[in-house]
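Worksheet: the structure to be examined is printed underneath.
Protein chains in written order, with my numbering: chain A, 1 to 68; chain B, 1 to 258.
Given below as structure tokens:
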């Protein structure tokens, strides 16, 4: 039962997070910062597009360099 | 998000997964018999339907902002991973998903396995092969239906889009009795990755309390912007690959001379 739950958790983790956990962590942090900025008077909508713009190329180039 | 956009997004995402599941069911059917493979595929679809029916109403009961924050974040992470994979494949860094090769591999393994009858299932191996294949690929379908559907309070519509994709791809696969290798799977994956990333970012930011300039119209900039970013990355990878090939070609005469 315990092993089954752990296997299910690992499967869900792999399904959502995928091959690069750093990207998942970076995006989750960007959402958290967006929530924090939203409590102030400053606009916060720009943060997630910026995070995508930074994290996706970074992850792609890292993988490409490693496999070259 | 309009009903049409929701339908298209879920339909395309489910088409990609349905192509992969169909390859496995075809291998099971051709190698082990259609009855057992059919039972396995139908049993897996039934399990996934129960999962969606059980979780769907529970998710739609969550307050909209909390739901958008959680589902949006999960969709965003999931979408970026899809897009990343599609970019790496299109850029030649990783191999394209070869349905024909996968089909031949599964077929060869299935033809070697021993036959065993269990209850009304004539061949247990064929049943489990089809069941596991459809269940594994279908989990992503269920995930997309639940996330998109619950966010828009339109799980029946999202389920209909998934059902249409599964029926269409399944019927095409059964008609040709061969893997659907001509479906531009990576292009679809790229498109779906863009959609999942864009909608995920939009909903996650809204759930976190951000206000998009132009409200829903922001998606008209966000989605093309992500697509352009993905295409630029593919172009960059292909150019890098070409430059490496030229360097290797230029270096080889020198190496031969030395």
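Positions of the beta carbon are idealized from the N, C-alpha and C atoms, including for glycine.
Top-ranked residue by Cα proximity to residue i, from the options
| i | options | result |
| --- | --- | --- |
| residue 57 (chain A) | B:88, B:66, B:42, B:69 | B:88 |
| residue 84 (chain B) | B:231, B:142, B:161 | B:231 |
| residue 91 (chain B) | B:195, B:216, B:187 | B:187 |
| residue 207 (chain B) | A:36, A:68, A:66 | A:36 |
| residue 225 (chain B) | A:14, A:64, A:50 | A:50 |
| residue 40 (chain B) | B:70, B:66, B:21 | B:21 |
| residue 160 (chain B) | B:33, B:53, B:28, B:27 | B:53 |
| residue 49 (chain B) | B:146, B:210, B:245, B:76 | B:146 |
| residue 42 (chain B) | B:245, B:220, B:132 | B:132 |
| residue 190 (chain B) | B:241, B:249, B:9, B:5 | B:9 |
| residue 199 (chain B) | B:70, B:163, B:44 | B:70 |
| residue 149 (chain B) | B:55, B:44, B:46 | B:55 |
| residue 129 (chain B) | B:241, B:37, B:248, B:201 | B:37 |
| residue 209 (chain B) | A:68, A:48, A:67, A:9 | A:48 |
| residue 260 (chain B) | B:125, B:242, B:102 | Only positions 1 to 258 of chain B appear in the structure, and residue 260 (chain B) is not among them; the question remains open. |
Cutoff 8 Å: residue i Cβ touching any chain A Cβ
| i | result |
| --- | --- |
| residue 132 (chain B) | no |
| residue 224 (chain B) | no |
| residue 205 (chain B) | yes |
| residue 209 (chain B) | yes |
| residue 16 (chain B) | no |
| residue 244 (chain B) | yes |
| residue 201 (chain B) | yes |
| residue 137 (chain B) | no |
| residue 88 (chain B) | yes |
| residue 213 (chain B) | yes |
| residue 248 (chain B) | no |
| residue 93 (chain B) | yes |
| residue 84 (chain B) | yes |
| residue 258 (chain B) | With a pLDDT of 44 at residue 258 (chain B), under the threshold of 50, the predicted position of this residue should be treated as unreliable, though the coordinate-derived value follows. So, not an interface residue. |
Endpoints, the alpha helix (DSSP H) within which residue i is located
| i | result |
| --- | --- |
| residue 5 (chain B) | 3-32 |
| residue 209 (chain B) | Premise fails: residue 209 (chain B) is in no alpha helix (DSSP H) and is neither H nor E. |
| residue 81 (chain B) | 64-90 |
| residue 58 (chain A) | 47-67 |
| residue 148 (chain B) | 124-151 |
| residue 34 (chain A) | 21-38 |
| residue 165 (chain B) | 155-176 |
| residue 104 (chain B) | 99-112 |
| residue 18 (chain A) | Per DSSP, residue 18 (chain A) belongs to no alpha helix (DSSP H) and is neither H nor E. |
CB contact check: residue i to chain B, cutoff 8 Å
| i | result |
| --- | --- |
| residue 28 (chain A) | yes |
| residue 64 (chain A) | yes |
| residue 3 (chain A) | no |
| residue 34 (chain A) | yes |
| residue 68 (chain A) | yes |
| residue 53 (chain A) | yes |
| residue 45 (chain A) | yes |
| residue 39 (chain A) | yes |
| residue 9 (chain A) | no |
| residue 14 (chain A) | no |
Per-residue burial, residue i [other beta carbons within 10 Å of its own, 16 or more giving buried]
| i | result |
| --- | --- |
| residue 11 (chain A) | exposed |
| residue 100 (chain B) | exposed |
| residue 216 (chain B) | exposed |
| residue 176 (chain B) | exposed |
| residue 23 (chain B) | buried |
| residue 27 (chain B) | buried |
| residue 15 (chain B) | buried |
| residue 162 (chain B) | buried |
| residue 26 (chain A) | buried |
| residue 113 (chain A) | A query on residue 113 (chain A) cannot be resolved here, the shown segment of chain A reaching from 1 to 68 and no further. |
| residue 116 (chain B) | exposed |
| residue 80 (chain B) | buried |
| residue 2 (chain B) | exposed |
| residue 72 (chain B) | buried |
| residue 257 (chain B) | The predicted model places residue 257 (chain B) with a pLDDT of 46, which falls under 50 and marks its position as unreliable; any figure quoted below should be read in that light. Exposed, because fewer than 16 other Cβ atoms sit within 10 Å of the Cβ of residue 257 (chain B). |
| residue 14 (chain A) | exposed |
| residue 228 (chain B) | exposed |
| residue 242 (chain B) | exposed |
- Task: State whether the segment 41-59 of chain A contacts the segment 162-178 of chain B, with contact taken as three or more CB pairs (one from each stretch) at a distance under 8 Å.
- Result: no
- the segment 126-137 of chain B in contact with the segment 46-66 of chain A per 3-pair CB rule at 8 Å: no
- Taking three-plus beta-carbon pairs below 8 Å as touching, is the segment 182-201 of chain B in contact with the segment 49-65 of chain B? no
- Cβ contact check for the segment 141-160 of chain B and the segment 28-42 of chain B: 3 or more pairs under 8 Å: no
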